[in-house]
Each structure stands twice: as structure tokens, then as C-alpha cells.
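I have placed the structure first, in the form of C-alpha cells, so that the comments after it can refer back to it.
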Amino acid sequence: MIDAVEIYICKPGQKIEDGQMVMSNDIDCKEAAQEDAEKRCKIMPSIERIVYYDISGGGFKVLHSYTNPNVVKSGAKRHPRPLGGQVPVKKKKKPAPQKGVWAKMKKSLGL
-5 MIDAVEIYIC KPGQKIEDGQ MVMSNDIDCK EAAQEDAEKR CKIMPSIERI
45 VYYDISGGGF KVLHSYTNPN VVKSGAKRHP RPLGGQVPVK KKKKPAPQKG
95 VWAKMKKSLG L
């Protein structure tokens, strides 16, 4: 029975040791690790590799290793424009009209 699993999540070009480490007590077999890896890669497509280690026996035993076949680099566009073309131009607001001399005098007198 597996009590604890360390999950190392790596971005493209990152070593396993440098990846983000997460603990899990829910994963108890290779099939559960496979499902978890696929779910994590769907949620965060910039993940390149996930490695699951069983640490319940006092050492590191590789439970499962998954390499994402559909890696999206973090700098790449995730959602291209569906219609293509140019980006719409935002309209600029007109500046507020300046107050005249009489309006300024009324304001200073409190009228």
C-alpha cells in the first residue's frame, strides 16, 4: 500500500530536481498516477513532464513518469484570434470641455 507520493512537475527545459514538488496521499497505483498526470497537463498545458515517486518505503521508487505530448511553451499564444485580421482600435474619449471665465468665478464664489 502506498501512503505518500511526491510529484515533481517540470516546465520545458527544467530538470526533475528543479521542478515543483507536490505531495499527494490520494494516488495509490500507476493507473491513478496516469489519470492524474493527464488531468494536470490538460489544466496546465505548459507542463512538459511529471514524475511520481513512492516515498512510503523510506526511499524513492519511481511509480510513474509522464511526458506531455502537447506541450505549449509559456511564451506562446494560447488563444489565437478566431476571426484573424487586425486588432480592433479603441476609440479615444474626447477631453472634457474647459470651463469659461464666468463658470470659474461662480465656482470660486460658491454660487
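Quick note on numbering: the sequence shown equals residues -5 to 105 in my numbering.
Each residue gets a CB set at the ideal place from its N, CA and C atoms; glycine is no exception.
These numbers come from a predicted model, not from an experiment.
- The alpha-carbon separation between E32 and K87 amounts to approximately 48 Å.
- Distance from the CA atom of H58 to the CA atom of G79, rounded to whole angstroms, is 44 Å.
- Taking 8 Å as the cut-off, the beta carbon of I37 is found no closer than this to the beta carbon of D30.
- In this chain, the beta strand (DSSP E) harbouring M17 covers 14 to 18.
- For the pair P39 and V16, the CB atoms are not nearer than the 8 Å cut-off.
- V81 is classed as exposed because its beta carbon has fewer than 16 other beta carbons within 10 Å across all chains shown.
- In the DSSP assignment, L105 falls outside any alpha helix (DSSP H) and carries neither an H nor an E.
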